[in-house]
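Here's the structure, in structure tokens; my notes come after.
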């Protein structure tokens, strides 16, 4: 069964979506807009909605809608407005403390009845670092080492309450069993956290763990901890290679490779006819202002904006991936795409403006369903992170026209069979690492 | 006009409330329970609901319901379920980063349409410190110095977007005006934060700022920044003295003393008759398990539990307030109360079990209204933080029976006249510190 998430971003993933007549340019801070999106995704029986995040205001506010609500806050509002769909929030391990973040995700899991997921990111970019007492970005390797320890501490905190610790024994005047509260007393290189957490164990045991970086360090973190992976893959061959590699690493880490779901992004421009779909794509690309996009591309590629000529290919002498401390996998993806297809800077900006490096696809609902089925059947994906170029209309088109085709083909659920995000993904509720089976058997 | 907040805490402020037949012992993590409370408070036209917090699991889970949802998460859920009532969350300046917290409160203010308030606390206790990489609690003075800088940074971040920065100009392809985005570039003793924030300026300009410590350092912080102050005051004389002192300090800090609202806590046990009210109080006190409470009292007083004899007064040789690094004002309040009324440890535990040092009062609705009116008219309070001993029944009794009396007396609103928390408190929306009037005039 294919897994489908709705990646929500303001009025759409295409950077010019806000300029369409249908779009509310201020929707990115409007909870009613996101409520409508989440309910649409739930009507389509999707596994989850997903929010990206970075604790920094990127680039110019001239270019596109900027400023977003903090994801655990926004997803809490969506939890109340929905009943089944999963809720995955991005949060940084570099700029948070494990106690606070573990508590927030546990709280979201309680409020939503077991629908929370955490997309673990290490946050690239010096601008974010400068919001947190640093002058420069910590090294890539250090960020990932901290991330692994951060996740480890979080898992210990979520397990610090045995599921059976709350008793509620009014007659005896004994609310909980102190013997079933565990103190992690974690002492590592990056963190010292005594615990226990001050929230009972989450309904899912642990919120679903998601990872989204595709660098070497990112893949190792995913193999060790992630239960779902969001990834940007442009071609079937690359996607198959990534899929095989990550499943292999997961097995090598001692885990069942079926317990990690690999979900490439896809940006589907959907039209009733091919011509309609391509017209939407062309209209969106026409609305891009290339001067803003060139500035961002120059930052990503570590070159001066004036070295990027809109009607020429990228300069030949770009840095190697291992010189990049920021978003390594994104850097490589962009350079590879440009070189492979010999794109001019203007063409590259059009491709990135649509999906920021994710696979873009314009076609009819049948063609979109085919594109999804082909990758799924070819060992390139366990499902997809759907990134509509325009919202809400692109998600409505997907739910109303693509989902029914996938359902008729027997590839996608027609009803939710579980109530938690883990159940949607077919993943078990994790055992508590501190549980003492012998004691439990006696009780 | 009196201001009234509902201080929500699980199934009530009395530590034994969970043992009553009417109480759900697991309500403290149930969003439906809190939704019912918030809607009741809104039905009563109260100014706000308020949640306390500390990033630590206190004491034994045997004693009373433990483990609480993170307040900004829970209040977001309540924001969606209500439309007018203010939403005040406690958050620590010692164990958060200003960028993250300012963003969360800005997000809550957007989601709620301008109803967010932040109760600024510095968090006492070594157990909390040990959840955040520390072996010991930072010194009281250092915590308050950090708190003041934390608030200063937060104010700069909330002001980093001019209200007019978002343009949404589709025709020109210009979403926002970069000239109206300000970079605080804060560099202080505790924080270096470049900014800007990645959320547009909150609907209220700044979320309402609340403060709750009554130590010297706490009062200085309040005088400088707070727009509302929650305080524990046992007697009218002490409350008047606190009120005069804090209004004077606020004036000395160059602010209009009317812009700080002083709100003592009151724990009202309400009965249709006096006898009923006292019977409720007695039943609750009977359900306290003193062995748990003695342990906590010993920790607060920095003595060994075995030095506290249940049927004797407190030991004579307790530390002086200036030796206490934790919750100074709470320490002094407890010792003063015990000495003044010559309470045994058992009696003291009963008084604290009801309201943790706040003023407890048992009586009919008329008597509760009188108690409120007397303090209000005597220059002891601008309003009250209502701490029902049992929830939801104690809040329902207050809203259904005490509020109408206050309304008939012309002391409390019969309808909301504004839509934001600031409007409920009669406070103006703050100007943006970065606004350039000359430029604004030309536009």
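Protein chains in written order, with UniProt numbering: chain A, 1 to 443; chain B, 1 to 443.
Ideal Cβ positions, reconstructed from N, Cα and C, are used throughout, including at glycine.
Review point. So, is the C-beta of residue 158 of chain A closer than 8 Å to a C-beta in chain B?
Key: no
Exercise for review: Under 7 Å Cβ to Cβ from residue 277 of chain B, same chain only, skipping five residues before and after it: list those, please.
Suggested key: 269, 270, 271, 362, 363 and 364
Practice item. Report yes if the C-beta distance between residue 452 of chain A and residue 106 of chain A is below 8 Å; otherwise report no. Key: Chain A is shown only over 1 to 443; residue 452 of chain A falls outside these bounds and no answer can be derived.
**Study point:** residue 395 of chain B (DSSP reduced to helix, strand or coil)
**Key:** helix
Review point. For the ligand SAM, any of its heavy atoms closer than 7 Å to the Cβ of residue 88 of chain B?
Key: In terms of ligand content, the structure shown is empty, and the ligand SAM therefore cannot be addressed.
**Study point:** Helix, strand or coil at residue 211 of chain A according to DSSP, with G and I counted as helix
**Key:** strand
Review point. How far does the beta strand (DSSP E) with residue 119 of chain B in it reach, from first residue to last?
Key: 116-121
Check your understanding: Between the C-alpha atoms of residue 224 of chain B and residue 427 of chain B, what's the straight-line distance to the nearest angstrom?
Key -> 16 Å
Check your understanding: Expressed to the nearest angstrom, what Euclidean distance is found between the alpha-carbon atoms of residue 412 of chain B and residue 66 of chain A?
Key -> 41 Å
Review point. Between the Cα of residue 59 of chain A and the Cα atoms of B:95, B:176 and B:148, which residue gives the shortest distance?
Key: B:176
Point to revise | Coil, strand or helix - residue 186 of chain A by DSSP | key: strand
Point to revise | Own chain partners of residue 104 of chain A with C-beta closer than 6 Å, once the 5 adjacent residues on each side are dropped | key: 72
Point to revise | residue 309 of chain B classed as buried or exposed, judged by whether at least 16 other C-beta atoms fall within 10 angstroms | key: exposed
Point to revise | Near-chain B residues of the region 180-210 of chain A (beta-carbon distance less than 8 Å), N- to C-terminal order | key: 181, 191, 192, 193, 194, 195, 196, 197, 198, 199 and 200
Practice item. Give a yes or no on whether 8 Å exceeds the smallest Cβ distance from residue 454 of chain B to chain A. Key: An answer regarding residue 454 of chain B cannot be provided, because it is not within the stretch 1 to 443 covered by chain B.
Practice item. Would you kindly report the start and end of the unbroken beta strand (DSSP E) that includes residue 4 of chain B? Key: 3-7
Practice item. Using only alpha-carbon positions, find the residue among B:332, B:432, B:374 and B:159 that is nearest to residue 2 of chain B. Key: B:374
Practice item. May I ask you to list, following chain order, the residues of the region 278-310 of chain A that have a beta carbon less than 8 Å from some beta carbon of chain B? Key: 287 and 289
Check your understanding: What alpha helix (DSSP H) runs, 4 residues minimum, are completely inside the region 309-341 of chain B?
Key -> 328-340
Review point. Residue 202 of chain A: buried (16+ other C-beta within 10 angstroms of its C-beta) or exposed?
Key: buried
Review point. So, helix, strand or coil for residue 365 of chain A, using DSSP?
Key: helix
Review point. Using the C-alpha atoms, what's the distance from residue 395 of chain B back to residue 15 of chain A?
Key: 49 Å
Review point. Roughly how many angstroms separate the alpha carbons of residue 441 of chain B and residue 435 of chain B, rounded to a whole number?
Key: Since pLDDT at residue 441 of chain B reaches only 45, below the 50 mark, its modelled position is unreliable, and the value read off the structure follows with that caveat. Cα-Cα distance, rounded: 11 Å.
Review point. Ends of the beta strand (DSSP E) at residue 169 of chain A?
Key: 166-169
Point to revise | residue 442 of chain A in three-state terms, based on DSSP | key: Caution applies to residue 442 of chain A, whose pLDDT of 44 falls short of 50 and renders its modelled position unreliable; the value that the coordinates give is listed next. Helix.
Check your understanding: Should the region 312-320 of chain A be regarded as contacting the region 383-390 of chain A, the criterion being three or more beta carbon pairs within less than 8 Å?
Key -> no
Practice item. Hey, could you find the ends of the beta strand (DSSP E) residue 268 of chain A is sitting in? Key: 261-270
Point to revise | Near-chain B residues of the region 50-71 of chain A - C-beta to any C-beta below 7 Å | key: 55, 56, 57, 60, 61, 62, 63, 64, 65, 66, 67, 68, 69 and 70
Practice item. Assign residue 62 of chain A to buried or exposed, taking buried as 16 or more other Cβ atoms, counted over all protein chains shown, within 10 Å of its Cβ. Key: buried
Practice item. Would you mind reading off the limits of the beta strand (DSSP E) that contains residue 229 of chain B? Key: 228-231
Practice item. Compare the C-beta of residue 379 of chain B against all C-beta atoms of chain A and say whether one is closer than 8 Å. Key: no
Check your understanding: Can at least three beta-carbon pairs, one atom from the region 230-243 of chain A and one from the region 256-266 of chain A, be found at a separation below 8 Å?
Key -> yes
Review point. What residues in its chain sit with their C-beta under 8 Å from that of residue 284 of chain B, if we drop five residues either side in the sequence?
Key: 14, 16, 17, 20, 269, 353, 354, 389 and 390
Practice item. Could you pull the start and end residues of the alpha helix (DSSP H) that residue 218 of chain A belongs to? Key: 216-225
Check your understanding: Quick one: what does DSSP say residue 19 of chain A is sitting in, helix, strand or coil?
Key -> helix
Review point. Whose C-alpha, out of A:346, A:339, A:286 and A:280, is nearest the C-alpha of residue 305 of chain A?
Key: A:346
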